[in-house]
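Engineer:
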Amino acid sequence: MSVPRTLLALLVLATLAAAASAQVPAGVEHRDPAAPCFVWPAADYDQDGVFDRLDRCPDTPKGCVVDAFGCSVDSDGDGVCDGLDQCPNTPAGEKVNKVGCSASQLAAAQETPAAPPAPPAAQETPVPATPPPPPSAPQSAVEKQLLETGSIVLQNVHFETNKATLLPESESLLDEAGAALEKFADLKVEVQGHTDSRGTVRHNLALSQERANAVRDYLLAHFHLNPDNYVAKGYGESQLLVLPEQSEADYQQNRRVVLKVLNPEALPQGVKVEEQK
Numbered sequence: 111m112s113v114p115r116t117l118l119a120l121l122v123l124a125t126l127a128a129a130a131s132a133q134v135p136a137g138v139e140h141r142d143p144a145a146p147c148f149v150w151p152a153a154d155y156d157q158d159g160v161f162d163r164l165d166r167c168p169d170t171p172k173g174c175v176v177d178a179f180g181c182s183v184d185s186d187g188d189g190v191c192d193g194l195d196q197c198p199n200t201p202a203g204e205k206v207n208k209v210g211c212s213a214s215q216l217a218a219a220q221e222t223p224a225a226p227p228a229p230p231a232a233q234e235t236p237v238p239a240t241p242p243p244p245p246s247a248p249q250s251a252v253e254k255q256l257l258e259t260g261s262i263v264l265q266n267v268h269f270e271t272n273k274a275t276l277l278p279e280s281e282s283l284l285d286e287a288g289a290a291l292e293k294f295a296d297l298k299v300e301v302q303g304h305t306d307s308r309g310t311v312r313h314n315l316a317l318s319q320e321r322a323n324a325v326r327d328y329l330l331a332h333f334h335l336n337p338d339n340y341v342a343k344g345y346g347e348s349q350l351l352v353l354p355e356q357s358e359a360d361y362q363q364n365r366r367v368v369l370k371v372l373n374p375e376a377l378p379q380g381v382k383v384e385e386q387k
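Under my numbering, residues 111 to 387 are what the sequence shown spells out, in order.
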């Protein structure tokens with residue numbers, strides 16, 4: 111080899127060695143350290159994230175989703191790549207616009223009602239103080255007795271002598287009792303019949319039962335009461351209030367009808383009743 115050729119060869123080798131030893135500038139955007147012989151700088155012409163040495167589709171539109179070989183992905187096969195496709199589930203065979211939406215999809219989007227507005231933020235509402243109960247209206251003496259004792263004792267319910275036929279003068283008192291009972295629909299009441307001691311025990315027991323039945327029938331016929339909640343029972347002369355009986359007043363006091371509440375807990379508690387005047 112001649113001297114000039116030797117010098118030229120040495121110059122070429124020195125130039126290549128200098129290029130191989132050069133460092134990559136810190137500001138380089140793309141670098142492909144996996145490229146053979148460390149080719150620098152690495153090129154990505156279509157900027158799809160796949161270097162040109164591997165990119166089989168070098169002109170991918172910007173924004174498309176690509177596979178490992180730089181080719182765009184089109185999941186629904188409508189010709190618009192994923193990433194640009196605004197209607198990614200287009201039915202097969204339908205024509206689409208440039209953003210991948212078919213006419214049926216656009217129509218469906220217009221028919222979809224707008225989402226309702228968000229409810230206003232909950233505001234804490236102050237709980238008003240419980241108002242005091244209104245004063246009770248004046249009540250009848252019978253209702254006052256019912257609320258205070260759980261029973262109504264009817265001394266002036268009169269029947270035909272030795273019979274269970276109610277006399278007309280008894281109706282006003284029974285009406286007052288029925289009106290009081292009607293206010294408390296859940297009451298269970300025993301209509302009790304009582305006699306004085308005149309007559310035989312057997313006769314008095316039967317007579318008191320008949321009279322209790324007559325009072326029960328009257329109340330159920332004239333007022334809105336539950337028949338299942340009202341029972342009649344005759345006690346005859348077994349519960350005399352006055353003993354011994356020495357006057358007509360004593361006999362009259364023992365002859366009585368009592369409306370006894372069997373479930374007093376159903377009555378309102380602590381109610382102050384003002385009697386009618």
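The beta carbon of each residue, even a glycine, is placed where N, CA and C say it ideally should be.
From what residue to what residue does the beta strand (DSSP E) around Q265 run?
Structural biologist: That residue, Q265, is in no beta strand (DSSP E); it is neither H nor E in DSSP.
Engineer: Select from R115, Q265, K293 and E279 the residue whose C-alpha is nearest the C-alpha of Y361.
Structural biologist: That would be Q265, whose Cα lies nearest to the Cα of Y361.
Engineer: Leaving out five residues on either side along the sequence, give the residues of the same chain with a beta carbon under 6 Å from the beta carbon of A153.
Structural biologist: Only D162 meet the Cβ criterion.
Engineer: Looking at the secondary structure, which residues open and close the beta strand (DSSP E) in which V341 lies?
Structural biologist: That run of the beta strand (DSSP E) goes Y340 to G346.
Engineer: Mapping the DSSP letters down to three states, classify S182 as helix, strand or coil.
Structural biologist: DSSP places S182 in strand when its eight states are reduced to three.
Engineer: Measuring alpha carbon to alpha carbon, tell me which residue in A228, T200, P227 and A287 is nearest A219.
Structural biologist: Of A228, T200, P227 and A287, the residue nearest in Cα terms is T200.
Engineer: Is it buried or exposed for S348, if we count other Cβ within 10 angstroms and need 16 for buried?
Structural biologist: S348 comes out exposed.
Engineer: Three-state secondary structure (DSSP) at H334?
Structural biologist: H334 falls in the coil class under three-state DSSP.
Engineer: To the nearest angstrom, report how far apart H370 and L277 are at their CA atoms.
Structural biologist: Before going further, note that residue 370 is Lys rather than His in the sequence given. Looking at the two C-alpha atoms, the distance is approximately 22 Å.
Engineer: Can you give me the Cβ contacts of H366 inside the same chain, cut-off strictly under 7 Å, excluding the 5 residues immediately before and after it?
Structural biologist: The question names His, but residue 366 in the sequence shown is Arg. Excluding positions up to five away in sequence, the list reads V263, L264, Q265 and H304.
Engineer: Could you check the C-alpha separation between H313 and K273 for me, to the nearest Å?
Structural biologist: Rounded to the nearest angstrom, the two C-alpha atoms are 11 Å apart.
Engineer: Buried or exposed, going by whether 16 or more other CB atoms sit within 10 Å of the CB of L372?
Structural biologist: By the 10 Å Cβ count, L372 comes out exposed.
Engineer: Please classify A202: is it buried, with 16 or more other beta-carbons within 10 angstroms of its beta-carbon, or exposed?
Structural biologist: When all chains shown are included, A202 counts as exposed.
Engineer: Which term fits S182, buried or exposed, when burial requires 16 or more other beta carbons within 10 angstroms of its beta carbon?
Structural biologist: Its Cβ being crowded by 16 or more others within 10 Å, S182 is buried.
Engineer: Using DSSP with H/G/I as helix, E/B as strand and the rest coil, what is E300?
Structural biologist: E300: strand per DSSP, three-state reduction.
Engineer: What distance in whole Å lies between the Cβ atoms of A295 and N323, which are believed to be in contact at a cut-off of 8 Å?
Structural biologist: That pair is no contact at about 22 Å.
Engineer: Would you decide whether D306 is buried or exposed? Buried here means 16 or more other CB atoms lie within 10 Å of its CB.
Structural biologist: Buried is the call here.
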